[in-house]
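Written below as structure tokens is the structure these notes are about.
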Amino acid sequence: MKRQMIMLDGLSCPACAAKLEKALQRLPGVKSAKVSFGAGSLNVEYDESQVQEADIKTRIKQFGADVLE
0 MKRQMIMLDG
10 LSCPACAAKL
20 EKALQRLPGV
30 KSAKVSFGAG
40 SLNVEYDESQ
50 VQEADIKTRI
60 KQFGADVLE
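Count the sequence shown with numbering that gives the first Met the number 0 and you get residues 0 to 68, in order.
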């Protein structure tokens, strides 16, 4: 399992953050995902044999947010 914190930009509201969190949790291989709207961050734990970091970032972008590198 890999744990990672990803900084986000562009989440427009707490409800959007909650929807993104649920969408990430539905990805195969994601054990946990917690989005903090106030901090603009995502803490995610996932199995790299089932899902890649790029898949997670793609899902984030589908929700209109950007990943800060």
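Every residue gets a Cβ at the ideal spot worked out from N, C-alpha and C, and that includes glycine.
Contact annotation: Glu44 and Met0 have beta-carbon atoms nearer than 8 Å. Between Ala53 and Asp8, the C-beta gap is not smaller than 8 Å, which leaves the two residues out of contact. Beyond the five residues adjoining it in sequence on each side, Glu47 comes within less than 6 Å, by CB distance, of Lys1 in the same chain, given in chain order. Secondary structure of Gln3 (DSSP, three-state): strand.
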